[in-house]
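Be aware that the sequence shown starts at 2, since it is given in the working numbering, and climbs by one per residue. To keep things clear, I will list the structure first and then write my remarks on it.
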Amino acid sequence: MHLLLNIIPFNGLNGFLNIAVSIEFLQNGTVVALISCLIVLLVILGFVLVRRIRRRKRIRFQKLFRNWLAEAITNRVMAPEKNFSISIQLEKLLLKKYYRLLALDELLICKKYLKGHAMNEVVQLYQQLQLRKETDKKLKSYIWSRVVKGIHEIYIFDQYDAMDQLFAFADNENPFIRSEAQFGLVNLQGFEALKFLKRIHNSLSSWDQINLLHQLNLFEPKPLVEMPEWLVLENESVVLFALKLLEAYPDEQYYPNMITCLHHGNEAIRKQVIRCCSNIAQSDTCSLLEAQFEKETINNQLGVLETLKKIHPIPRKDFLLQNLNHPDDRVKQLAAELIALKFPEDVASMLLGNQENASKREQLFKHVQALA
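See below:
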């Protein structure tokens, strides 16, 4: 040792040992990295293999189920007295949850595209295969997307006995769940399902309102007997939707209830009342709209003038003349059009009689002449 120290200085020996240790560390690190890469590669290959196997199983089952489904519905339509018969192979497969869910998806597709008697047969198959159990499991899930799918299956397969569950979901905190539940209720019961409006505290989005109005178009209109209650609810989105219903399905008996909302604090609600007046106008409508005009936003003022063009009662001349001097050109234009529409014999004297802003008045006069 003393001889080695004499030959190699201490600092040099220390550096030599550090190099040796570094080389060994790199070799071990390389081995670990190679093993890790191999493990990751095996996991990926296993994942791909499992997906490929499941895909082949799914394709084989879909082919088998679709062939059986087409034959079963055809036989049932041709001979209604015969019951559905399931092959032993298919019956064994349907004992497994994976295949039951695939079968449920296939029936959903059929139900959406089939009509008439064949559509009813799909619902019977859903019940005979006891697939409602899978739907109920989804409704109890803590994952919102599964709940939404379960609600979808409830109304697609006409499960009227689940109405109470849908009413409960209609005010769920999750917007996707409550939207699907509200649509499902209307899909099953039409106008009768609108009683859920009094029970909800969460907002109806604009998209929800559009969907509900579209779905109601598929049903025979019925009296909106709960309209007076809807219009005084604290939930402003429900008030707004109720007014949209009143615009789509006018009923003059609710005019007093509607007109009270003209002084609502929500601008969108007042705007909708103004729109409703186009379809439900009475003798005092003009005076009420004129009195409200100065208190409104510019957009609602434009709405008031558009409504006055559509209704039979005639607005006051001085109201229209006053708005020919409005700071907004759109208001001036609509006021001029109203004069031409309601007072065609006096249009020239009313538009050109005042020399104030003569050039503007002349432009408005040319505009209404072009429209005539």
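Every residue, glycine too, gets a C-beta built ideally from N, C-alpha and C.
Could you pull out every residue in the same chain whose Cβ sits closer than 6 Å to the Cβ of VAL305, ignoring the five residues on either side in sequence? ILE275, LEU290, PHE294
Looking at C-beta atoms only, is the number of pairs between the stretch 73–89 and the stretch 41–57 that lie closer than 8 Å three or more? no
Compare the beta carbon distance of TYR127 and PHE158 with 8 Å and say whether it is the shorter of the two. yes
Hey, could you find the ends of the alpha helix (DSSP H) ASN212 is sitting in? Looking at the DSSP string, the run of the alpha helix (DSSP H) that includes ASN212 is 207–217.
Touching by the beta-carbon criterion (3+ pairs, under 8 Å), the stretch 148–163 and the stretch 191–203: no
Cβ pair GLN210, ASN188 closer than 8 Å: No, the Cβ-Cβ distance between GLN210 and ASN188 is not below 8 Å.
What residue does the alpha helix (DSSP H) around ALA332 start on, and which one ends it? The amino acid occupying residue 332 in the given sequence is Val; Ala does not appear at that position. Unbroken alpha helix (DSSP H) run through VAL332: 330–343.
Distance check for GLN254 and LEU365, CA to CA, integer angstroms please. 39 Å
As assigned by DSSP and simplified to three states, the class of GLN183: helix
Around the Cβ of ASN29, are there at least 16 other Cβ atoms within 10 angstroms (buried) or fewer (exposed)? exposed
Own chain residues within Cβ distance below 7 Å of GLU181, not counting five before or after: VAL149, ILE152, HIS153
Between the stretch 132–142 and the stretch 91–109, can you find at least three pairs of beta-carbon atoms closer than 8 Å? yes
Can you tell me which of ASN218, ASN236, ALA243 puts its alpha carbon nearest to the alpha carbon of GLU227? ALA243
Taking the alpha carbon of ARG147 as the point to measure from, which residue in ASP165, PRO251, MET120, PHE177 has its own alpha carbon closest? Checked all of ASP165, PRO251, MET120, PHE177; the closest Cα to ARG147 is PHE177.
Could you pull out every residue in the same chain whose Cβ sits closer than 7 Å to the Cβ of ALA249, ignoring the five residues on either side in sequence? LEU214
Cα-Cα separation between ASN236 and LEU219, rounded to whole angstroms: 26 Å
Quick one: what does DSSP say LEU365 is sitting in, helix, strand or coil? helix
Contact set for LEU205: own chain, Cβ-Cβ below 7 Å, skip 5 residues either direction: Result list for LEU205: SER238, VAL239, PHE242, in chain order.
Would the beta-carbon of PHE170 be found less than 7 Å away from any heavy atom of the ligand NAD? The ligand NAD is not part of the structure shown, which contains no ligands of any sort.
Candidates LEU335, LEU322, ALA169, ARG331: closest to ASP347 by CA position: If we check each option's Cα against that of ASP347, LEU322 comes out closest.
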